[in-house]
Amino acid sequence: NYTSTDLVAESFDGNHKTDIVNAGLFDSYIAKYNRSGVLQWFLSIGGTNDDFYRDFDIKGDVIYTTGYFSNTIIINNDTLTTTSGSNQDVFLAALNNIGNPISGISIKGTGNYTDVGSTIFTDFDLTAYVSGTYKSASIQIGDSVHSGNVANTENFFVATYAHPFAAAFTEKINPVCNGDNNGRLTVTPYFGIPPYSYQWSHNAGLNNATASNLAAGNYHVTVTDSRDSVTVQTGALTQPLSIGLAFSNTNALCYNENSGSIDLSVSGALPLTPMPGPGEPALIQMLRIRLACTLAPLP
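Pasting the structure below:
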């Protein structure tokens, strides 16, 4: 958890880092490093009020995490809310192994009390078991309401969840140049029974997890499993600004002098990726890619 305005997560060698903006008060985060200490990904889960992370468990390519939050947090397509900004409810979130949120649910309490998800365990079929404490007079777990607690006294709970069918984008590649159609999206289903079918908004005949040759824009994909469970995901691809080139020149003052000059101004934002090739500074490779959108490749 962190409360600073901005949090920087970086690799042990300092060569890879991610800047995260705090959404308000306490936010929760989870980061993955490889064995060499290189940052792989970083995910912040937080809203405008206090949000606390307490535990996580990994099973296959799914990461379950639990804690508690107040007001509102958004986990992929799921918006979780409490009855007021002073009330704190339990959250249970599912992420994939590259840090993309899949889905989230909450255990709702009554009144302005703190209910906490403390520990979580996942079995072989991705059923999640979460335990914690609650001070609310009653809590709602799924469709069941458990009441009878004396408000503001601490009680213990254990809940079992079989997550509903869900999906998340596991690959988003934006078009390289303005106006290009070389973007790509890949969606991955979770908690369903294969085989899966896919229907994309831009091409109704495409029945594949990956859509290629995409321009910038919004894309919707409907994923259906063998039990006819359905989930819809929306992915957005962006493109860099178009490049503008402007020349100004100053002629040499006299014959055979080298007092002339040519100034080249380039407008249009540089992309943040890709990483530089071997022995090549990042800025040089960025310039190569962006200038190649308008000109012949640089030598």
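In this note's numbering, each residue's number is its place in the sequence shown (first place is 1) plus 6.
The beta carbon of each residue, even a glycine, is placed where N, CA and C say it ideally should be.
For the putative contact between residue i and residue j, defined by C-beta atoms under 8 angstroms, what is the C-beta separation to the nearest angstrom?
i, j, result
"residue 200", "residue 232", "6 angstroms"
"residue 213", "residue 225", "Not really, about 15 angstroms apart at Cβ, beyond 8 angstroms."
"residue 255", "residue 267", "7 angstroms"
"residue 239", "residue 180", "Going by Cβ atoms, the distance from residue 239 to residue 180 rounds to 17 angstroms, so no, they are not a contact pair."
"residue 117", "residue 153", "Incorrect: roughly 12 angstroms between the Cβ atoms, too far for contact."
"residue 229", "residue 202", "6 angstroms"
"residue 135", "residue 126", "7 angstroms"
Which word fits residue i, buried or exposed, when buried means at least 16 other C-beta atoms lie within 10 angstroms of its C-beta?
i, result
"residue 349", "The first residue shown for the chain is 7 and the last is 305, placing residue 349 beyond what the model contains."
"residue 57", "buried"
"residue 278", "Any reading at residue 278 must be qualified, since the residue scores a pLDDT of 43, below 50, and its modelled position is unreliable; the value itself is stated next. Exposed: under 16 other Cβ atoms inside 10 Å."
"residue 121", "buried"
"residue 147", "buried"
"residue 69", "buried"
"residue 170", "exposed"
"residue 48", "buried"
"residue 73", "buried"
"residue 259", "exposed"
"residue 261", "exposed"
"residue 159", "exposed"
"residue 216", "exposed"
"residue 218", "exposed"
Residue i: beta carbon under 8 angstroms from a heavy atom of the ligand NAD?
i, result
"residue 256", "What this structure holds is no ligand at all, so the ligand NAD is not there to describe."
What residue from the options has the CA that sits closest to residue i's CA?
i, options, result
"residue 198", "235, 105, 107, 217", "235"
"residue 237", "247, 244, 206, 263", "206"
"residue 63", "247, 192, 124", "124"
"residue 222", "101, 145, 230, 247", "247"
"residue 139", "131, 157, 128, 130", "157"
"residue 128", "189, 66, 88, 160", "66"
"residue 178", "168, 193, 112", "193"
"residue 113", "166, 82, 107, 132", "166"
"residue 130", "189, 168, 263", "168"
"residue 86", "107, 111, 44, 137", "111"
"residue 103", "250, 39, 269", "39"
"residue 243", "269, 218, 189", "189"
"residue 107", "184, 155, 176, 133", "176"
Please report how far the alpha carbon of residue i lies from the alpha carbon of residue j, in whole angstroms.
i, j, result
"residue 162", "residue 46", "36 angstroms"
"residue 71", "residue 84", "15 angstroms"
"residue 220", "residue 80", "27 angstroms"
"residue 150", "residue 172", "22 angstroms"
"residue 61", "residue 186", "43 angstroms"
"residue 90", "residue 78", "9 angstroms"
"residue 257", "residue 241", "51 angstroms"
"residue 115", "residue 96", "8 angstroms"
"residue 59", "residue 191", "30 angstroms"
"residue 101", "residue 209", "28 angstroms"
"residue 252", "residue 174", "43 angstroms"
"residue 34", "residue 93", "17 angstroms"
"residue 36", "residue 271", "42 angstroms"
"residue 119", "residue 41", "41 angstroms"
"residue 284", "residue 98", "In this prediction, residue 284 scores a pLDDT of 48, lower than 50, which makes its location untrustworthy; no coordinate-derived value is stated."
"residue 183", "residue 132", "41 angstroms"
"residue 82", "residue 88", "18 angstroms"
"residue 109", "residue 269", "52 angstroms"
"residue 250", "residue 263", "31 angstroms"
"residue 164", "residue 211", "45 angstroms"
"residue 155", "residue 105", "37 angstroms"
Strictly by DSSP, which residues pair up with residue i?
i, result
"residue 122", "139"
"residue 75", "57, 95"
"residue 171", "BP columns for residue 171 are empty, so no partner."
"residue 226", "240"
"residue 81", "84"
"residue 220", "189"
"residue 115", "145"
"residue 161", "140"
Closer than 9 angstroms, CB to CB, is residue i near chain C or not?
i, result
"residue 245", "Absent from the structure is chain C; it holds one protein chain and no more."
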